[in-house]
Amino acid sequence: MKNLPTIKKLPRKFYKRPVLKVAKDLLGKIIVKHEGRKIFAGRIVEVEAYDGRIDEASHSFKGKTKRNEVMFREGGYFYVYFTYGVHHCCNVVTGEEGHGAAVLIRAIEPIEGIQTMAMRRFGKRKIDEKQFINLTNGPGKICQAFSFDRTHSGLDLTGSKVYIIDMPSLKKSQIGISKRIGISKSTELPWRFFIKNSKYLSR
DNA sequence: ATCAAGATTACCT
DNA sequence: GGTAATCTTGATA
58 MKNLPTIKKL PRKFYKRPVL KVAKDLLGKI IVKHEGRKIF AGRIVEVEAY DGRIDEASHS
118 FKGKTKRNEV MFREGGYFYV YFTYGVHHCC NVVTGEEGHG AAVLIRAIEP IEGIQTMAMR
178 RFGKRKIDEK QFINLTNGPG KICQAFSFDR THSGLDLTGS KVYIIDMPSL KKSQIGISKR
238 IGISKSTELP WRFFIKNSKY LSR
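Per my numbering, the very first residue in the first sequence carries number 58; after that it's consecutive.
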């Protein structure tokens with residue numbers, strides 16, 4: 058057997074790099090969640106970088122607290138928080154221990170587990186293909202579809218419950234860059250990255 | 001103890 | 001385009 062693509066989890070080394078590099082490199086990769094024998098998976102199409110050392114919009118900007126403790130670990134942990142009394146958002150911790158940097162996953166192209174995602178998002182299993190783009194095109198929607206909540210915060214992404222599968226790197230020309238969405242501080246930083254032609258973006 | 005803000009979304013006009 | 005929903009967190013007293 059040769060020339061078959063190898064399915065490989067991203068290793069610790071991938072995550073322990075600077076947050077802006079990890080953010081761009083996460084585009085096109087596949088995030089996977091196992092729930093018993095059910096599997097959920099999707100292609101990451103939009104992310105934002107947060108770096109607590111220089112970025113006032115980051116939860117970690119003012120130092121370690123009970124809520125953001127996971128952000129200060131070494132790269133490769135899953136940071137999930139609850140906001141607006143309604144939604145969860147999920148992040149990938151990057152860099153070395155103590156950095157307080159993470160990548161917010163903002164939009165995904167659903168691949169596996171779509172019927173269950175539809176159930177969680179819209180209360181029914183059968184949805185029109187047209188609605189696929191509304192399943193996971195926002196950070197809160199992703200967490201609803203995948204059932205990510207604070208109990209998943211601190212999971213090791215090199216483990217077997219939630220992880221990310223390596224995929225070929227994208228060309229630079231396929232990646233779009235913009236300011237981040239929904240923040241009120243450090244708004245000028247161009248730290249949102251997305252796959253240019255994707256139909257599954259949050260906006 | 002109290003309070004304001006929040007890395008959002010859905011639904012309204 | 002505007003805003004209600006809903007509750008945790010972190011800051012201040």
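Heads up, the beta-carbon is just placed ideally off N, CA and C, and yes, glycines get one too.
For clarity, every value in this text was computed on a predicted model and none was experimentally measured.
field: Tyr138 Cβ short of 7 Å to the ligand COA heavy atom set
entry: Absence of the ligand COA is noted for the structure shown, with no ligands found whatsoever.
task: Look up Phe135 in the DSSP assignment and give the residues it is bridged to.
output: Residue mapping note: residue 135 aligns to position 78 of the first sequence, counting from 1. For Phe135, which the question treats as bridged, DSSP gives the partners Val149.
task: Since I believe Val150 is in contact with Tyr136 (beta carbons under 8 Å), could you give me their beta-carbon distance rounded to a whole number of angstroms?
output: Mapped onto the first sequence, residue 136 falls at position 79. Mapped onto the first sequence, residue 150 falls at position 93. Sure, about 5 Å apart at Cβ, within 8 Å.
task: Could you tell me how far apart the beta carbons of Ser210 and His91 are, in whole angstroms, since I believe they sit closer than 8 Å?
output: Counted from its first residue, the first sequence places residue 210 at position 153. Counted from its first residue, the first sequence places residue 91 at position 34. The Cβ separation is near 17 Å, so there is no contact.
- prompt: In terms of alpha-carbon separation, which member of Gly197, Lys242, Ile64 and Lys229 lies closest to Gly142?
  reply: Residue numbering aside, residue 142 sits at position 85 when the first sequence is read from its first letter. Ranking Gly197, Lys242, Ile64 and Lys229 by Cα distance to Gly142 puts Gly197 first.
query: Using the rule of at least 16 other Cβ atoms within 10 Å of the residue's Cβ for burial, across every protein chain shown, is Asn148 buried or exposed?
result: The sequence position of residue 148 within the first sequence is 91, counting from 1. By the neighbour-count rule (16 or more Cβ atoms within 10 Å), Asn148 is buried.
- prompt: Looking only at DSSP bridge pairs, what is Pro167 linked to?
  reply: Numbered from 1 along the first sequence, position 110 holds the residue referred to as residue 167. Pro167 is bridged to Gly99.
Boundaries (first-last residue) of the beta strand (DSSP E) holding Ile88: Taking the first sequence and counting its residues from 1, one reaches residue 88 at position 31. Taken as a continuous stretch (DSSP letters only), the beta strand (DSSP E) holding Ile88 covers Ile87 to Glu92.
task: Mark Thr122 as exposed unless 16 or more other C-beta atoms lie within 10 angstroms of its C-beta, in which case mark it buried.
output: One-based indexing of the first sequence puts residue 122 at position 65. Classification of Thr122: exposed, given that the 10 Å Cβ count is below 16.
- prompt: Since Asp213 sits in a beta bridge, which residues does DSSP pair it with?
  reply: Stepping through the first sequence from its first residue, residue 213 is reached at position 156. In DSSP, Asp213 forms a bridge with Tyr134.
field: Inter-stretch contact (C-beta, 8 Å, three-pair minimum) for the region 102-118 and the region 173-182
entry: no
query: Terminal residues of the continuous beta strand (DSSP E) containing Phe250?
result: Along the first sequence, one-based indexing puts residue 250 at 193. First-last of the beta strand (DSSP E) with Phe250: Arg249 to Ile252.
- request: Below 8 Å CB to CB, which residues in the same chain sit around Arg69 once its five sequence neighbours on both sides are set aside?
  value: Taking the first residue of the first sequence as 1, we reach residue 69 at position 12. Here the set comprises Glu131, Gly132, Gly133 and Thr215.
message: For the pair the region 152-170 and the region 102-109, tell me if three or more CB-CB distances fall below 8 Å.
response: yes
- prompt: What is the residue span of the alpha helix (DSSP H) that Gly197 lies within?
  reply: Translated into positions along the first sequence, residue 197 becomes position 140. It spans Pro196 to Phe203 - the alpha helix (DSSP H) in which Gly197 sits, taken as one unbroken run.
- request: With a cut-off of 8 Å on the beta carbons, I'd call Ile221 and Lys86 a contact; round off their distance for me.
  value: The residue you call residue 221 lines up with position 164 of the first sequence. The residue you call residue 86 lines up with position 29 of the first sequence. Yes, Ile221 and Lys86 are in contact; Cβ-Cβ is about 5 Å, under 8 Å.
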